[in-house]
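Here is the structure we will look at, set down as structure tokens.
Printed below as a string of structure tokens:
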């Protein structure tokens, strides 16, 4: 999933949007947008979910409510294809959302059985204080992981994100952790699994056109993994 079955790789675009979902202020009219990111690697919450990928998105928003579709298609045949649908609401710094993650490596899209589905349903709640954004995520249904006893783990993830400016660039520092054991994240208990630092910059192509370039370095203390990805937004 962007955010799951073990898709924990933060797509480089996480750098631009994932860390603080649905922070836009309420609008008085319907707003819609489409876009796509081309990333050198799909890293999500400290996990490697694939190589070079194209990640399209489309969203509509109205008076604080938003509906977004997000996908990922890797250039290599071994990479799973992903489709995520997120319904969210935000007001001020507060945000709440529900996401349906689906990967094509398991049962078909319309399989929703308790033990026969490739969907993962996750709830999110968070607050953006400006200097720091805090988000909590919990899987509440679907193909969640299990704990040490073999029971549903209600796999959860805590993210702390701090944006700042330095040297003419916009930066994002993030720390993510799993609070308890779950094989969904491969954790045996509390574990810090994402320490990352990212930056983005507008690359001027012509006087009227530019492309956002972003880079992100991620370290996973739990697995001792390290990643560096770059991407372009269209």
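Residue numbers (the numbering used here): 6 to 239. Note that beta-carbon positions come from the ideal geometry of N, C-alpha and C, so glycine has one too. These numbers were taken from a predicted model, which means no experiment stands behind them.
_Please state the DSSP three-state secondary structure of residue 226._
To locate residue 226, count along the chain shown from 1; it is residue 221. Reduced to three states, the DSSP call for residue 226 is coil.
*Using a Cβ-Cβ cut-off of 7 Å (strictly less than) and excluding sequence neighbours within five positions of residue 215, which residues of its own chain qualify?*
As a working mapping, residue 215 is identified with position 210 in the chain shown. Cβ neighbours of residue 215 beyond the five flanking positions: 207, 208 and 209.
_Classify residue 106: buried if its beta carbon has 16 or more other beta carbons within 10 angstroms, exposed otherwise._
The sequence position of residue 106 within the chain shown is 101, counting from 1. Burial call: buried.
*Compute the Euclidean distance between the alpha carbons of residue 237 and residue 47, then round it to the nearest angstrom.*
Counted from its first residue, the chain shown places residue 237 at position 232. Counted from its first residue, the chain shown places residue 47 at position 42. About 13 Å.
*Run through DSSP, which three-state label would residue 184 get?*
What you label residue 184 is simply residue 179 of the chain shown in a count that begins at 1. Coil.
*In angstroms, rounded to a whole number, what distance separates the CA positions of residue 218 and residue 146?*
As a working mapping, residue 218 is identified with position 213 in the chain shown. As a working mapping, residue 146 is identified with position 141 in the chain shown. Rounded to whole angstroms, residue 218 to residue 146 spans 35 Å at the Cα level.
*asked:* What does the Cβ neighbour count give for residue 65, buried or exposed, with the cut at 16 atoms within 10 Å?
replied: The residue you call residue 65 lines up with position 60 of the chain shown. The residue in question, residue 65, is exposed, as its Cβ has fewer than 16 Cβ neighbours within 10 Å.
*Can you round the beta-carbon distance between residue 44 and residue 60 to whole angstroms, since I take them to be within the 8 Å contact cut?*
Your numbering for residue 44 matches position 39 in the chain shown. Your numbering for residue 60 matches position 55 in the chain shown. Yes, residue 44 and residue 60 are in contact; Cβ-Cβ is about 6 Å, under 8 Å.
_Residues sharing a beta bridge with residue 161, DSSP_ = Reading the chain shown from its first residue, position 156 is the one you call residue 161. Paired residue(s): 143.
*asked:* Give me, in chain order, the residues of the same chain whose beta-carbon lies closer than 6 Å to that of residue 225; leave out the 5 immediate sequence neighbours on both sides.
replied: For this step, residue 225 is matched to residue 220 along the chain shown. For residue 225, where only same-chain residues beyond five positions count, the Cβ hits under 6 Å are 51 and 198.
*Run through DSSP, which three-state label would residue 17 get?*
Taking the chain shown and counting its residues from 1, one reaches residue 17 at position 12. Note that residue 17 scores a pLDDT of 37, beneath 50, so its modelled location is shaky and nothing firm can be said.
*Given a threshold of 16 other Cβ atoms within 10 Å of its Cβ, counted over all protein chains shown, does residue 205 qualify as buried or as exposed?*
Start at 1 with the first residue of the chain shown, and residue 205 comes out as number 200. Label assigned to residue 205: buried.
*Looking at the structure shown, is residue 169 part of a helix, part of a strand, or coil, going by DSSP?*
Here residue 169 is taken as the residue at index 164 of the chain shown, counted from 1. Secondary structure at residue 169: strand, using DSSP grouped into helix, strand and coil.
*Could you pull the start and end residues of the beta strand (DSSP E) that residue 149 belongs to?*
Translated into the one-based positions of the chain shown, residue 149 becomes position 144. Note, residue 149: premise wrong, no beta strand (DSSP E); not H, not E.
_Minimum length 3: unbroken beta strand (DSSP E) runs contained in the stretch 39 to 77_ = 47 to 49, 52 to 55 and 58 to 67
_Excluding the 5 residues flanking residue 139 on each side, which residues of the same chain have their C-beta closer than 7 Å to its C-beta?_
Locating residue 139 in the chain shown gives position 134, counting from the first residue. So the list reads 131, 132 and 165, once near-sequence residues are dropped.
*Buried or exposed: which applies to residue 2, given that a residue is buried once 16 or more other Cβ atoms fall within 10 Å of its Cβ?*
This structure leaves residue 2 out entirely; the chain is present only between 6 and 239.
*Considering residue 199, what are the terminal residues of the beta strand (DSSP E) in which it resides?*
For the purposes of this step, residue 199 is taken as the residue at position 194 of the chain shown. Segment 196 to 211, the beta strand (DSSP E) holding residue 199.
*residue 80, enclosing beta strand (DSSP E) - first and last residue*: On the chain shown, residue 80 is found 75 positions in, with the first residue counted as 1. Note, residue 80: premise wrong, no beta strand (DSSP E); not H, not E.
*asked:* Please return the same chain residues whose Cβ sits closer than 6 Å to the Cβ of residue 72, not counting the five positions on each side in sequence.
replied: For the purposes of this step, residue 72 is identified with residue 67 of the chain shown, where counting begins at 1. By the criterion of a C-beta distance shorter than 6 Å, residue 72 is surrounded in its chain by 65 and 92, once the five residues flanking it on both sides are discounted.
*What did DSSP end up calling residue 86 once you bin it into helix, strand or coil?*
Working through the chain shown from its first residue, we reach residue 86 at position 81. Of the three classes helix, strand and coil, the one that applies to residue 86 here is coil, per DSSP.
*I think residue 167 touches residue 202, with their Cβ atoms under 8 Å apart; what is that distance to the nearest whole Å?*
As a first step, residue 167 must be located in the chain shown, where it is residue number 162. As a first step, residue 202 must be located in the chain shown, where it is residue number 197. Residue 167 to residue 202, Cβ: 10 Å. No contact.
*beta strand (DSSP E) containing residue 103: first to last residue?*
What you label residue 103 is simply residue 98 of the chain shown in a count that begins at 1. Run containing residue 103: 99 to 108, per the beta strand (DSSP E) assignment.
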